[in-house]
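The block underneath contains the structure these notes are about, expressed in structure tokens.
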Amino acid sequence: MLIFQLLLASIVHLMATGLDVLSFFVVVRILAQRWPGRLVLAFDQVGKPVTDPLLAAVGRAIPSRWTGHPERRKHYVAAATLLVLALCRLGLTAGIAR
Numbered sequence: 002m003l004i005f006q007l008l009l010a011s012i013v014h015l016m017a018t019g020l021d022v023l024s025f026f027v028v029v030r031i032l033a034q035r036w037p038g039r040l041v042l043a044f045d046q047v048g049k050p051v052t053d054p055l056l057a058a059v060g061r062a063i064p065s066r067w068t069g070h071p072e073r074r075k076h077y078v079a080a081a082t083l084l085v086l087a088l089c090r091l092g093l094t095a096g097i098a099r
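Numbering (our numbering), first residue to last: 2 to 99.
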């Protein structure tokens, strides 16, 4: 039984690490929008295949009437995506803390 508990805990930790990687690339996207430096843009290109679908999914969940300006909407979507990732990580790892 202990092996199954350790296996489950390892899988949860791996998923939490994946959420951390996604959060990193969303933060890189925010930095690339604000300060487009060469290194930041390179990291943004690396993370684009995983962040674009995630940002699009969260963007579809936010009503368009909440934001008027398209640039401001990008920032709201990125901030909401970080919030969603943080809540997913909190929910995922809350059961392990016991």
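Cβ coordinates follow ideal geometry from the N, Cα and C atoms, glycine included.
If the criterion is Cβ atoms closer than 8 Å, does the pair Ser-24 and Leu-86 meet it?
Yes, the pair counts as a contact, with Cβ atoms nearer than the cut-off.
Going by DSSP in three states, Ala-95 sits in which element: helix, strand or coil?
Ala-95 falls in the coil class under three-state DSSP.
Proximity below 8 Å, CB of Pro-81 to CB of Ile-63
Checking the displayed sequence, the identity of residue 81 turns out to be Ala instead of Pro. Yes.
Counting Cβ pairs closer than 8 Å, one from the stretch 19 to 33 and one from the stretch 48 to 58, do we hit at least three?
Contact between the stretch 19 to 33 and the stretch 48 to 58 is present, because at least three Cβ pairs lie under 8 Å.
Considering Ser-24, what are the terminal residues of the alpha helix (DSSP H) in which it resides?
Looking at the DSSP string, the run of the alpha helix (DSSP H) that includes Ser-24 is 3 to 35.
Where Val-35 and Arg-90 are concerned, what is the direct C-alpha to C-alpha distance, given to the nearest angstrom?
As written in the sequence, residue 35 is Arg, which differs from the Val given in the question. Answer to the nearest angstrom: the Cα atoms are 26 Å apart.
Proximity below 8 Å, CB of Leu-93 to CB of Ala-43:
Not in contact: Leu-93 and Ala-43 (Cβ atoms no closer than 8 Å).
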